Structures are given as C-alpha cells and as structure tokens.
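Have a look at the structure below before the remarks.
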C-alpha cells in the first residue's frame, strides 16, 4: 500500500527533491514562451477533465480527457514536471505549475499558462527561489487574475498576463487557493493545515475547519454553497464536503487508501478526485453525495490532480464597463442616491459577463465621504448600488466604477442640502 501522500505531492514536491539529486548532463531548460509544448490536441471537448500523469515516462505531464475518461491526450511534453492544471473560466486556457532545471542541483518552479490544446506555453511568475517556487494556480471566475501559492508560504495574485503581482493578507501558512464562484472570496489551506476563507483582497480570514489532522485542497461547488476538501481526520485522507460557512462537514469517501484533490463537475452533480485505492494513482468520479465511485483513468501509471473544465458560457473576458444608470444632476446630501446606480460589464460580443464584482469610489470631492455598499456582485453582468450616500455639499463630483482592470467615470453631478457636520451643528427651535 502506498503511503497516504497526495498524488499531487508525489508528482510535484517529492519528485522535485529527487530530481535535484540526479546527475543529469543535460543543459538547463529554457522557460517562457520559447518553451512551447508539442501541440497534440486540436480541440478540447465542452466537458473534459485535465489531469497529471507519468504514463509516458516523465516526472509528470498534463493531459486532458473526456469527462467519461475516454480519449486522453497529452498537452505538455517538456522535461521536468508540469502539474496542477487550472482552467480559465471560458475553458480556453489552462494555468499550471511548471518545473524547469536551471542547474545540476536547482529547479525553477513557476506558474505558466497555455492554450487548452497545449500550445503557447508562457511563463507568468519569476520567483527567483530555487527548489521552492510558485505553485497551486487558481483562475478567478472573471478570468482576469490567477491566485497561487508563493514560495511555499503565502498566497499571491497576478493578472492573467503575469503582471501586477500582489501579496494578499499575511498568514502563517497559506496554500491551495480556491476562488468562490462569485469571485468575492478565496478558500485556502492555512495555519495548522486548516481550511480558511478570506475576502478576495486578503481581508477578514476566518477558519472553517478545526480537526486535529490535516484539511486541505478546498474546492468550491459551482453554486457557491459548498466546499469539498481532503482531510485526514479519520485516520487517512478522505474527501469531505461542508457548507460554505464551515457547517455540516460530511465525509464522502470511505476507503483505507488515499483520496484527495476534489474537483466539481460544472453542474455540481459529481466530484472527480485522485486515489490510490487500486494500488496506483487513478482518477475516480463519484456523485456529489459520495455514491457510485468509478475509475476514469484505469492506467498502470500514476494519474492525479483532476481539474474539471468549466461549463460553456456565452460570457468571455470582460472588455467594457459602463454606467447604465447614472447619478442624477443633483443629489441630496445624506440621502441614498436615487434611482439606484447601476454599472454593466460586458464581453467582446456585448454579452454580460459571469461572476466578479464592481467597486464604486467618489472622485473630485475633497473632504466628502461616500457611504453605503460600495462593492456589489455582478448579476447577469450588472452591479446595483442602492444605498450610496454622500455627506458633503459640492459640485463637479463623479463616481468611479472599477471591475478588474476596467474603470469608468460617471457624469459629473452636484450634492445639495446641508452636510452632516452642518446638520449636526444647527440649533433646534425653542432651545433653552
């Protein structure tokens, strides 16, 4: 029986250490766009699963198969390992962890991106820490950002093109980020191998699990109501599910072997996972309640780290943001702006984008404060702000709406009526 180590760790972390000890006389592998994979798959089916395998004699490469396990195709074919695939929300690209040799004893581990057919591999991070590296990529629901584990401790976020790297709120330990479907929260493995959830900007982390053994690899359900994860609380690694607030933690698998790396089907009815219950690493699928587990890969090699492709959608990358309901020419101080402000975000085809949020700020108003709900989820591409108030009189004010890299200003308007300070200092009639 294999030890209860994740196939993920076996293919990535353990093999990284072993590879450093090999005395290979090969030249260092180049990284970046020049390190292209062989294009082996001209198209990816609408419902497919990316996974990692050593079936072709490598440390680990990324493959894709139909959701029923048929027609596996190799996407990467580069020395060292390519692991931890994560789909873009439109299903057109895959982020992954690439390990490249930079010397006889040093490996360079970074986040890469490629097209869903394996072409156009591009290095996104350049961490500069040999043998540690960046890993665990997770694509945001709006397709604009990728969260990842930075140098084995702490979660960072970059734009999908590799720019704008930002460290989220410091934690003692943070890895395995997983975005909520609305893009507002990130689940992750934190201190003492417990699962936490924080806001997407790194604020307000809160602990969901508290068992004495490890809890890791959180994965949000497509409807955002549940989180699947792997835990060793019952003596070996099994798949569990809990509500998004941490309640109702329920065991789904019950096998003496290792079960890990859960990945939800786009409709939320099934969960793919990795297991060594057959004596080697295989990818299984089961119903979301844990029933009817079945082997998808059935290969003598080690297969693991399944990543189910997202559901097809009309909405692609956001390209346009606009105020569809502007502030009126004059608003009243300390009164909710009416009608409610609305901001719409669309893709290149003019369709509303799926997921994400919009942030509203007040511009050109020194000393004035915008209160109310200033961050709103996109619902069918529209964010609505129904309780915005401004506390100071003035002219030439504008609202700035931001969603990812997109930003737009409203038309200019004025604020009339007494400010909060003036209203509070007025003397009541007939005061003694």
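In our numbering, the protein residues as written are 1 to 432. Ideal placement from N, C-alpha and C gives every residue a C-beta, glycine not left out. Quick caveat, the model's predicted, so the values are computed rather than measured.
Distances from the CA of residue 189 to each of 202, 183 and 174 were compared; the closest alpha carbon is that of 174. When secondary structure is reduced to three states using DSSP, residue 230 falls in the strand class. When DSSP reads this structure, residue 352 sits in a beta bridge with 346. A distance below 7 Å separates the beta carbons of residue 308 and residue 49. Taking the C-beta atoms as reference points, residue 303 is found nearer than 7 Å to residue 281. The C-beta of residue 166 has fewer than 16 other C-beta atoms within 10 Å across all chains shown, which makes the residue exposed.
If the five residues before and after residue 177 are omitted, its C-beta is found closer than 6 Å to the C-beta atoms of 138, 147, 155, 186 and 188, all from its own chain and listed in chain order. Taken in chain order, the whole beta strand (DSSP E) runs of length 3 or more contained in the region 288-315 are 303-308. In the three-state scheme derived from DSSP, where H, G and I count as helix and E and B as strand, residue 412 is classed as coil. With a 10 Å radius around the Cβ and a threshold of 16 neighbouring Cβ atoms, residue 363 comes out exposed. In the structure shown, residue 193 falls within a helical segment according to DSSP collapsed to helix, strand and coil.
Shortest Cα-Cα distance from residue 102 to any of 184, 131 and 229 involves 131. Assigned with DSSP and collapsed to three states, residue 269 falls in coil, not helix or strand. Excluding the 5 residues flanking it on each side, residue 183 has same chain C-beta neighbours closer than 7 Å at 140, 141, 142, 200, 355, 356 and 357, in chain order. Per DSSP, the beta-bridge partners of residue 156 are 148 and 167. For residue 91 and residue 397, the gap between their C-alpha atoms comes out near 41 Å. In the structure shown, the three-state DSSP call for residue 50 is strand. Using a Cβ distance threshold of 7 Å, residue 96 and residue 82 count as a contacting pair. Per DSSP, residue 239 is one residue of the beta strand (DSSP E) stretching across 238-243. With distances taken between CA atoms, residue 206 lies nearest to 197 out of 69, 213, 272 and 197. Measuring C-alpha to C-alpha distances from residue 241 to each of 255, 257, 258 and 263 identifies 263 as the nearest. Beta-carbon to beta-carbon, residue 47 and residue 67 are separated by about 4 Å, close enough to satisfy the 8 Å threshold.
Contact between residue 232 and residue 213 holds, since their C-beta atoms are separated by about 4 Å, short of 8 Å. Counting every other CB atom within 10 Å of its CB across the protein chains shown gives residue 407 a total below 16, marking it as exposed. Contact check between the region 292-306 and the region 335-346: fewer than three CB pairs, one atom from each, fall below 8 Å, which does not count as touching. DSSP places residue 257 outside any beta strand (DSSP E), giving it a letter other than H or E. Taking residue 168 as the centre and dropping the five residues before and after it, the same chain places the C-beta of 155 and 202 closer than 6 Å to its C-beta, in chain order. For residue 101, the enclosing beta strand (DSSP E) covers residues 93-101. Taking the CA atoms as reference points, residue 404 sits about 10 Å from residue 321. Counted as a single uninterrupted DSSP element, the beta strand (DSSP E) harbouring residue 403 occupies residues 394-403. Boundaries of the beta strand (DSSP E) harbouring residue 115: 107-115, taken from the DSSP string.
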